[in-house]
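To start, the structure under review is shown below, and the notes come after it.
Numbering (our numbering), first residue to last: 1 to 232.
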């Protein structure tokens, strides 16, 4: 029996993801007032402090605006803020991801177990078969944390795991770019193939290519626009 790490998500993250999906699919339109904190707390069966934290995050991402005494209103149906979690620039996250995930992919290829490979295969397959963006970004984070876990160095898993929410923020900002999900699926598969082959340099190169792709799209503007052609 293989013991797998317990993956915990804060209640505010779950609420936040569902509210984003409701806004993006048009359930709440621009200028609509969201239900009150008390109403949302009752609907989600959580405390008002959890709702308050989720709403703060939506404001930071530019999806909503809160007005004292009036409530929270939808400001946009797509993520327009360049900041991730309202605090970090994509370039800042990119630096950290390269420092952690390129070497972790190489070590994963050298140290992975059969159980690691089975888990990664399942995650990559689920990513490709999942149409809902809100669920796909969770699987995306699971893939990267799973690669870190395959290094057999618990610190890689801990550090990449601590980035889960900001990784999901970054993935979410790219979901509206046409064809991005398919491209990410191909990139994940390339990383998995190299890890499965036990080829450390190839796994590192595949991860670097994946992060290059994410960085290029993150720099090209808001997720509802088509990526510009870059000069060669």
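Beta carbons are placed, not taken as given, at the ideal position from N, Cα and C, and that holds for glycine.
As the structure is a computational prediction, the values presented were derived from the model and not from experiment.
Asked: Alpha carbon of residue 145 to alpha carbon of residue 76, nearest angstrom; Found: 31 angstroms
Asked: Secondary structure of residue 88, DSSP reduced to three states; Found: strand
Asked: Residue 203: CB within 7 angstroms of a non-hydrogen atom of the ligand SAH; Found: No copy of the ligand SAH occurs in the structure displayed, which carries no ligand at all.
Asked: Any 3 or more C-beta pairs closer than 8 angstroms across the segment 88-96 and the segment 49-69; Found: no
Asked: Pick from 216, 21 and 10 that is closest to residue 132, judged by C-alpha positions; Found: 21
Asked: Environment of residue 39 [buried if 16+ CB atoms lie within 10 Å]; Found: exposed
Asked: Same chain, Cβ closer than 6 angstroms to residue 200, neighbours up to 5 away in sequence not counted; Found: 106, 109 and 110
Asked: Residue 71 (DSSP reduced to helix, strand or coil); Found: strand
Asked: Of the listed residues 11, 166 and 198, nearest to residue 96 (C-alpha basis); Found: 166
Asked: Alpha-carbon spacing of residue 209 relative to residue 218, whole angstroms; Found: 14 angstroms
Asked: Backbone secondary structure at residue 212 - three-state DSSP; Found: helix
Asked: Rounded straight-line distance, which links the Cα of residue 103 to that of residue 28; Found: 42 angstroms
Asked: Buried versus exposed call for residue 119 [16 or more other C-beta atoms within 10 Å across all chains shown]; Found: buried
Asked: Residue 150: first and last residue of the uninterrupted alpha helix (DSSP H) it sits in; Found: Looking at the DSSP string, residue 150 is not in any alpha helix (DSSP H), and its letter there is neither H nor E.
Asked: Residue 188 beta carbon less than 8 angstroms from that of residue 137; Found: no
Asked: Inter-residue Cα distance where the pair is residue 134 and residue 197; Found: 31 angstroms
Asked: DSSP bridge partner residues for residue 66 (one or two, in chain order); Found: 72
Asked: 8 angstroms Cβ shell around residue 35 - same chain, five flanking residues per side excluded; Found: 43
Asked: Simplified DSSP assignment, three categories, for residue 121; Found: helix
Asked: For residue 43, the first and last residue of its enclosing alpha helix (DSSP H); Found: 37-44
Asked: Those residues which DSSP pairs with residue 126 across a bridge; Found: In DSSP, residue 126 forms no bridge with anything.
Asked: 7 angstroms CB neighbourhood of residue 15 in its chain, flanking five on each side removed; Found: 44, 46, 50, 51 and 54
Asked: Residue 10 and residue 73 closer than 8 angstroms at C-beta; Found: no
Asked: For residue 33: DSSP bridge partner residues; Found: 73
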